[in-house]
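One structure is given below, encoded as structure tokens.
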Ligand SMILES: Nc1ncnc2c1ncn2[C@@H]1O[C@H](COP(=O)(O)OP(=O)(O)O)[C@@H](O)[C@H]1O
Ligand SMILES: [Mg+2]
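Residue numbers (the working numbering), protein chains in the order written: chain Z, 978 to 1232; chain R, 57 to 323.
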């Protein structure tokens, strides 16, 4: 399979007036096409920073971030779903979903059709002309997801997209997102601090150390072909969970 | 979707009834305060407990207004003040807004001008009166300029801080969608600051009257401020009170218009 993303000895420092924060320490990993990769690590270790580097919102202090073999990152290939839904509350649901299309000047007729289709599929069609303030947390997050998907990105970046939701909504949305990503043959990187979520969604998990982020472990999972909810019942699930749990607690102790 | 309830419980009916009653009481007492104030004023001056020569009286104000309406001067003076105020208001709002956009756009320029804006803001603008008259001459232009000076700095400062307060995450979202700076301004910064803009409008309505009346105190041949100064000089309190009364009505009307715009925008 093709390599879509490659980190090569990436370092990143945040510069502030009276400090230099070492966030990413000599990080190397890669992501293959159609792969679902999760990044887990203690909070504040640099996970969001990694996604910002991939999205081209930050450039590495040293080392290389390559998307499709190029260090010049083409933002149009990337769909970034943030931790908060970032919906514009003065725009209707529909206007929020088509925000990215508005920014482009190319022909978007096909993508508008896709937007309609996704709205129907995720039971949001009745809310098309409503303002986001009338939606529940789970619905808002689904709107944010559709806003990302209509741009048909090659690589999806998901920054703890489910963390603000209640457990039930979260499990359902996980299944939905997994479903779409697999159906549409997307590549995705999910940042999370929920180990079970990472195991149930991914083909590969990258475990990070606490700040500055280093790759502590890279685990390839063997659970393909099941939905996230079913994976949680798999016999090997527990083994993976304990392994990662151990690595993360170890990391917290060292701090 | 939820069904709309049509057969309400007794508790709800009671609650709505109480709401209506409370609202009625507020309106009733509002009118009562006004009537009581005017009544007492009239009574005290009628019985000569207060000298109407110094405090005027409702009936004398009405008479004054009547005579000014029939001679056509009331309309003229009101129009002059309204004209100065509106032009000053418009120039200050538009210009102040554009300057704020410019300062948002360029961080270096913003940093350079920051202290000057602070000084301009705390400077009492009336101090510039004589300079204004020297530069643009006595008359309408000087009054409008005074009005603009009073409103523009606060417009720029309020809008700039609203622009800068915009959610950083939303800016990142647009950047991740490959938006350029103009698109960030147009799709996010300006609509997100609409609420602040409406409060600026509300402040400016009041401030632009301060500007035009102050300007008229300084130099004028007509207008409500002129009537107030003139009335004071010739000891005609009826005239002063009448002009003040009209001013109250104008200020309220403009404020009501802005509130209407606000309501429209909300929906
Ligand atoms: N803009 C910034 N300036 C300075 N330090 C930052 C900035 N953004 C993040 N950091 C710091 O970098 C570290 C990593 O942040 P982040 O990538 O957001 O962590 P995570 O997403 O894993 O919780 C944190 O310690 C944070 O305080
Ligand atoms: Mg984070």
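Where is the CB? At the ideal position from N, CA and C, for every residue including glycine. All of these numbers come straight from a predicted model, not from anything done at the bench.
At a cut-off of 7 Å, the C-beta of residue 1071 of chain Z has no neighbouring C-beta in chain R. Residue 268 of chain R has its alpha-carbon roughly 7 Å from the corresponding atom of residue 202 of chain R. The beta-carbon separation of residue 133 of chain R and residue 274 of chain R, rounded to 16 Å, does not stay under the 8 Å limit for a contact.
Relative to ligand 2, even the nearest heavy atom lies 6 Å or more away from the CB of residue 1087 of chain Z. The continuous stretches of alpha helix (DSSP H) do not include residue 1005 of chain Z, which lies in the beta strand (DSSP E) extending over residues 996 to 1009. For residue 1202 of chain Z, no chain R residue has a C-beta closer than 7 Å to its own C-beta; the minimum C-beta separation is roughly 32 Å. Using a CB distance cut-off of 7 Å, residue 1034 of chain Z counts as an interface residue toward chain R.
About 6 Å separates the beta carbons of residue 999 of chain Z and residue 990 of chain Z, which is inside the 8 Å limit, making them a contact pair. Closest option to residue 1068 of chain Z, judged by alpha-carbon separation, among Z/996, Z/1109, Z/1055 and Z/1093: Z/1109. In terms of Cβ geometry, residue 1139 of chain Z and residue 1131 of chain Z do not form a close pair [threshold 7 Å]. By the neighbour-count definition (other C-beta atoms within 10 Å, threshold 16), residue 1117 of chain Z is a buried residue. Straight through space, the alpha carbons of residue 1127 of chain Z and residue 1032 of chain Z are spaced by roughly 17 Å. Put simply, the CB of residue 215 of chain R is far from chain Z, with every gap to its CB atoms at 7 Å or more. Not one heavy atom of ligand 2 falls within 6 Å of the beta-carbon of residue 320 of chain R.
For residue 1058 of chain Z, DSSP records a beta bridge to Z/1135.
In this structure, the C-beta of residue 1025 of chain Z approaches ligand 2 to less than 6 Å from one of its heavy atoms. Residues of the stretch 219 to 237 of chain R whose Cβ lies closer than 7 Å to any Cβ of chain Z, in chain order: 225, 226, 228, 229, 231, 232, 233, 234 and 235.
DSSP, read as helix, strand or coil, puts residue 229 of chain R in helix. In the three-state DSSP reduction, residue 236 of chain R falls in the coil class, being neither helix nor strand. Contact between residue 148 of chain R and residue 215 of chain R is ruled out by a C-beta separation of about 12 Å, above the 8 Å threshold. DSSP, read as helix, strand or coil, puts residue 179 of chain R in coil. The C-beta of residue 1077 of chain Z comes closer than 7 Å to at least one C-beta of chain R. With respect to the 7 Å criterion, residue 1174 of chain Z and residue 1183 of chain Z are not classified as neighbours on the basis of their beta carbons. Around the Cβ of residue 1075 of chain Z, a 10 Å sphere holds 16 or more other Cβ atoms; the residue is buried. Scanning its chain for C-beta atoms nearer than 6 Å, with the 5 sequence neighbours on each side dropped, one finds around residue 200 of chain R the residues 140, 143 and 144, in chain order. Beta-bridge partners assigned by DSSP to residue 985 of chain Z: Z/1041. Leaving aside the five residues that flank residue 1205 of chain Z on each side, the residues in its chain whose CB is nearer than 6 Å to its CB run, in chain order, 1151, 1152, 1155, 1177 and 1178. For residue 991 of chain Z, the beta-bridge partners assigned by DSSP are Z/998. Taking the Cβ of residue 212 of chain R as the reference point, every heavy atom of ligand 1 lies at 6 Å or farther away.
Note on residue 987 of chain Z: 16 or more other CB atoms within 10 angstroms of its CB, so buried under the neighbour-count rule.
Interface residue (Cβ-Cβ distance to chain Z less than 7 Å): residue 247 of chain R is classified as such. Ligand 1 never approaches residue 1173 of chain Z closely enough for any of its heavy atoms to be under 6 Å from the residue's Cβ. Where residue 266 of chain R is concerned, the enclosing alpha helix (DSSP H) starts and stops at 250 to 274.
Contact between residue 1063 of chain Z and residue 1121 of chain Z holds: their C-beta atoms lie close to 7 Å from each other, under 8 Å.
At a cut-off of 7 Å between beta-carbon atoms, residue 1063 of chain Z makes contact with chain R.
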